[in-house]
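As they're listed, the protein sequences go chains A and B.
Under our numbering, think of the first position of the first sequence as 1, with each following residue one higher.
Under our numbering, think of the first position of the second sequence as 1001, with each following residue one higher.
Glycine included, every Cβ here is placed at the ideal spot set by N, Cα and C.
These numbers were taken from a predicted model, which means no experiment stands behind them.
2 protein chains.
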Amino acid sequence: MPDNLNTRLCDAVDAAFDAQVEFLLDLTAHPSTRGNERSAQDFMAQELTSRGFELDRWQIDVSEIRHLPGFSPVMAPYEDAVNVVGAHRSETKTGKSLILNGHIDVVPPGPLDMWEYPPFEPRVDDGWLYGRGGGDMKAGLASNLFALDALAACDLAPAADVFFQSVVEEECTGNGALACLARGYTADAALIPEPFSENLVTAQLGVIWFQVHLKGRPTHVAYAGSGSNAIEAAVPLIQALHEMEHRWNDEGRRPPDYAQMEHALNLNVGKIQGGDWTSSVPAWCVFDVRMGLFPGQSLKAAKIEIEQVILDAARENEFLQNSLPEIVYHGFEAEGYALSQDSSKKAALAIDTLDQAHRTATGEELARQAITATTDARFFGLYADTPALVYGPRAEAIHGFNERVELESMRRITKATALFIADWCGVEPRNGATERVAASS
Amino acid sequence: MPDNLNTRLCDAVDAAFDAQVEFLLDLTAHPSTRGNERSAQDFMAQELTSRGFELDRWQIDVSEIRHLPGFSPVMAPYEDAVNVVGAHRSETKTGKSLILNGHIDVVPPGPLDMWEYPPFEPRVDDGWLYGRGGGDMKAGLASNLFALDALAACDLAPAADVFFQSVVEEECTGNGALACLARGYTADAALIPEPFSENLVTAQLGVIWFQVHLKGRPTHVAYAGSGSNAIEAAVPLIQALHEMEHRWNDEGRRPPDYAQMEHALNLNVGKIQGGDWTSSVPAWCVFDVRMGLFPGQSLKAAKIEIEQVILDAARENEFLQNSLPEIVYHGFEAEGYALSQDSSKKAALAIDTLDQAHRTATGEELARQAITATTDARFFGLYADTPALVYGPRAEAIHGFNERVELESMRRITKATALFIADWCGVEPRNGATERVAASS
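Below, the structure written as structure tokens:
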């Protein structure tokens, strides 16, 4: 790729950067928590349509993905689970095709009084954009889109098909990305700008979600001895799960990407609800757990062990032994994925191409990172033979209060992405550009 | 009181007993949980009006009771906090006046799937009436009302003022009974048919409610180590509160009525809520606690000790020490009350009168019981110099699933109540009865 083009693409990103920040402010203002993604997806669809992409917008049909590997159980209604894909169809198809993926869903903001500013009234301060989802991962959607804009600004288009995906459900199941696969969107590589500080993610964990439902006989608290407290009965179960967590992190069990991490697998009790009256001994309690898994660790075996741990602990509890807990899988059943283990030429080439784009855009080496979370990358890597490059801007407090993303980092990622697209896909004249050039000459 | 009248009153209760059960079925069908008492109070008002009682129906005005002893903090809106009183004004006023008190509010039913039949579709089976609130304490409201009906059926009325009270807020603050006092309803004795198995309650505990609010920094679970889990931070605090509970139950601290009870004071974690996303480290958690107090135990000292215990435990916790818990008093600040300690002649006479009524109605001695709960009796006994007799039918699973009340027990209580009224208040011809007798002779 001529240096001249690199420079033109980076200049184009700079020229549009104010507009990109405006776009990110607009997008982050849509409170696209689970079940509320529609307005954000409408916004994305409008942006894609106005740029001339071929638009595909559909509600996920669970019956079409239920049987596929990587499917996670669905607990919530899917009326609002709408994916948006904008397709660029190359006229020459001389290069390698690409999926630019990002998720539109954001996690709940938590108590609003713990935010310095309202989570869905994003603002820029001292080089950072604040707001729920600004980092995770609307800045990534912005960098994907404005990287394509940079090519267009140079009157170029990718010389291969490119599918811009704005998916739902990344934060709880991954079924949005899975539905894109099921709909036939495949390519030679995928790029997912999740906010991991401009590092290339070489491995990600699997994640499993489960709920533990405890039930028992309630009673007036005057007779507390004859009832059993379902809230307090949760404590020994959580303790037993933490002991399992420590076993799973044993040095001997760690795969190469995580060999140096003392505690990559985190067990999180993320939510609890129990009882409904202060003076009634609570008869039920539900707590929600997230547990990490190493790449290569069997989901099925993990579930068996989790169930065993919970039931064993319950059997030692006087109350629970007569009313064993129910375990409900209510989200992620996600395997781990390691790009580092993909020995294909395609993967090597994709990484090399990104390496070079990053170096050109930033002047620095592309650092590698094994992350302790999951991303939608697993669908491309594990189930579609597509190397998935997770590479996005620097953000802080994702899933926390005052989440923020560094704007200069988003600029660098946008430039690197534009260079990557131009190199991986090649370029052709933008549709209509040749004619315009001909007409003006 | 002539035996003849006793027999006639008991016969009148029997004659109306099917109607009384129908009444209880109707009343129990009103789901009068906190904030939803209106339809049940409308029903009570209608029943009182149709019987010719002078009706008083008013919404509690917090500003009128806030300054009074026995007031408990109000957390919920009071739009639906409506008391109903039906007054009988005696023409002769030759006897002792009486308050017949009962509460209309019921505690939440909990998960419906744990009920054999829906909690607000009451039914009779094998001598028991099932339904939320049937025992606690709509059967008591029924026995109060149908005891008065028995007098009327004998063309008699109490020869003293009688105030039939259907109050709200018994299950969380007692502010309903307090509002009746503030409105000027006083009498020489009060009878409250709470469901304690036909025993006379000689002492009741104090109760304090508090919420513990925990807050912290949330984060993506991938970085669980750098955030702090507010749900799990609750565990050592609950542990410390249980240690306090054990100290408070020490033998040396027990007053006479509770000397033989190993564990009269129960600490109950009745409700918990924390977090909102399985894969976010929860940044907040709130748990609700009910703790018992002995009669004579200072509420103020109890609060100081509770706060000390929580804060001391929090200071030992790495996360909480930087974000100390907030303690909110959200309901009961109720002192204990012991009728057994009321040495007045009035109290002795009221107990004797009930003793005799119970013996006549049931053929058995009136048993005594110190209970491990609170009732509205404290307002009459502690703040209005009025002996309060808590004496009601046998019920099971109050605050539990499949709550039920024994109908024959309600019948006995109704008879004993009718005899008690006739003896305590004396009788006079029913308003209009003399004229009717004159007209027909």
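Residues near residue i in its chain [Cβ-Cβ closer than 8 Å; skip 5 each side]
i, result
"A/G140", "G102, I192, P193, E194, P195, G392, P393 and I413"
"B/I1351", "L1200, L1339, P1387 and L1389"
"A/S440", "Annotation note: pLDDT 42 at A/S440 (below 50); position unreliable, no value reported."
"A/L265", "L205, E245, W248, N249, M291, G292, L293, F294 and T372"
Alpha-carbon to alpha-carbon, residue j and residue i
i, j, result
"B/V1082", "B/R1038", "7 Å"
"B/R1290", "B/A1338", "20 Å"
"A/R132", "A/L24", "12 Å"
"B/E1198", "A/P31", "58 Å"
"A/T372", "B/I1104", "54 Å"
"B/C1172", "B/A1012", "36 Å"
"A/G331", "A/A179", "15 Å"
"B/A1370", "B/S1279", "48 Å"
"B/W1209", "B/M1075", "12 Å"
"B/V1107", "B/T1033", "6 Å"
"A/S298", "B/V1328", "46 Å"
"A/V212", "B/Q1308", "33 Å"
"B/V1286", "B/D1312", "18 Å"
"A/G134", "B/R1123", "56 Å"
"B/D1018", "B/R1359", "24 Å"
"A/G270", "B/R1247", "33 Å"
"B/T1362", "B/Q1356", "10 Å"
"A/Y117", "A/N402", "7 Å"
"A/L9", "A/W424", "14 Å"
"A/D80", "A/V21", "27 Å"
"A/W284", "B/Q1273", "12 Å"
"B/T1374", "B/F1380", "13 Å"
Host alpha helix (DSSP H) of residue i (start-end)
i, result
"B/L1265", "Careful: B/L1265 lies outside any alpha helix (DSSP H) and carries neither H nor E."
"B/R1247", "A1230 to W1248"
"A/K96", "Segment: none, A/K96 is in no alpha helix (DSSP H) and carries neither H nor E."
"A/D18", "F17 to T28"
"A/T417", "L407 to C425"
"A/V309", "L299 to R315"
"B/R1038", "R1038 to S1050"
"B/N1083", "Segment V1082 to H1088 is the beta strand (DSSP E) holding B/N1083; no alpha helix (DSSP H) there."
"B/V1390", "Run containing B/V1390: none in the alpha helix (DSSP H); it sits in the beta strand (DSSP E), A1388 to V1390."
Same chain, Cβ closer than 6 Å to residue i, neighbours up to 5 away in sequence not counted
i, result
"B/R1051", "none"
"A/A438", "With a pLDDT of 41 at A/A438, under the threshold of 50, the modelled position of that residue is not reliable, and no figure is offered here."
"A/P109", "P119 and R132"
"A/R57", "A45 and V84"
"B/G1426", "T1094, G1095 and A1159"
Residue nearest to residue i in terms of C-alpha spacing, selected from the options
i, options, result
"B/E1326", "B/K1271, B/V1085 and B/D1288", "B/D1288"
"B/V1281", "A/T278, A/S280 and A/L267", "A/L267"
"A/W115", "A/A357, A/A397, A/A314 and A/Q260", "A/A397"
"A/L145", "A/L237, A/A388, A/T49 and A/H246", "A/T49"
"A/V62", "A/D136, A/G176 and A/W128", "A/G176"
"A/F319", "A/N229, A/F17, A/E262 and A/C285", "A/N229"
"B/V1207", "B/E1408, B/A1334, B/A1019 and B/A1422", "B/A1334"
"A/E365", "A/D26, A/A416, A/L237 and A/A160", "A/A416"
"A/A160", "A/D188, A/V269 and A/L129", "A/D188"
"B/P1111", "A/E91, A/D3 and A/G216", "A/G216"
"A/P73", "A/L181, A/E169 and A/D149", "A/E169"
"B/T1028", "B/I1238, B/D1136 and B/Q1059", "B/D1136"
"B/D1026", "B/P1236, B/F1053, B/L1129 and B/R1066", "B/L1129"
First through last residue of the beta strand (DSSP E) which encompasses residue i
i, result
"B/M1291", "W1284 to L1293"
"B/I1208", "G1206 to K1215"
"B/L1156", "L1156 to P1158"
"A/Q369", "R368 to A370"
Cβ shell of residue i (< 7 Å), same chain only, five flanking positions each side left out
i, result
"B/L1354", "L1200, L1366, L1389, Y1391 and F1420"
task = Name, going along the chain, the residues of the segment 92-116 of chain A whose beta-carbon falls closer than 7 Å to a beta-carbon of chain B.
result = So the list reads V107, P108, G110, P111 and M114, given in the order they occur along the chain.
message = Please identify, using Cβ separations under 9 Å, the residues of the segment 1271-1290 of chain B that lie next to chain A, in order along the chain.
response = Hits within the stretch, in order: K1271, I1272, Q1273, G1274, G1275, D1276, W1277, T1278, S1279, S1280, V1281, P1282, A1283, W1284, C1285, F1287, D1288, V1289 and R1290.
Positions along the segment 233-252 of chain A whose CB lies within less than 8 Å of some CB in chain B = Correct list: V235 and I238.
request  = For the segment 1155-1172 of chain B, enumerate the residues whose C-beta is nearer than 9 Å to any C-beta of chain A, in chain order.
outcome  = So the list reads E1171 and C1172, given in the order they occur along the chain.
Members of the segment 120-142 of chain A that neighbour chain B once the beta carbon cut-off is set at 7 Å = Within the segment 120-142 of chain A, no residue has a Cβ lying closer than 7 Å to any Cβ of chain B.
request  = Residues of the segment 1196-1213 of chain B with a CB closer than 9 Å to any CB of chain A: list them in chain order, please.
outcome  = Those would be L1205, V1207, W1209, F1210 and Q1211, in chain order.
ask   = For the segment 1317-1344 of chain B, which residues have a beta carbon sitting closer than 7 Å to at least one beta carbon of chain A?
value = Cβ proximity to chain A below 7 Å picks out G1331 from the segment 1317-1344 of chain B.
message = Against chain A, which members of the segment 1380-1414 of chain B pass a CB distance test of less than 9 Å?
response = For the segment 1380-1414 of chain B, which is checked against every Cβ of chain A, the residues closer than 9 Å are A1397, I1398, H1399, G1400 and F1401.
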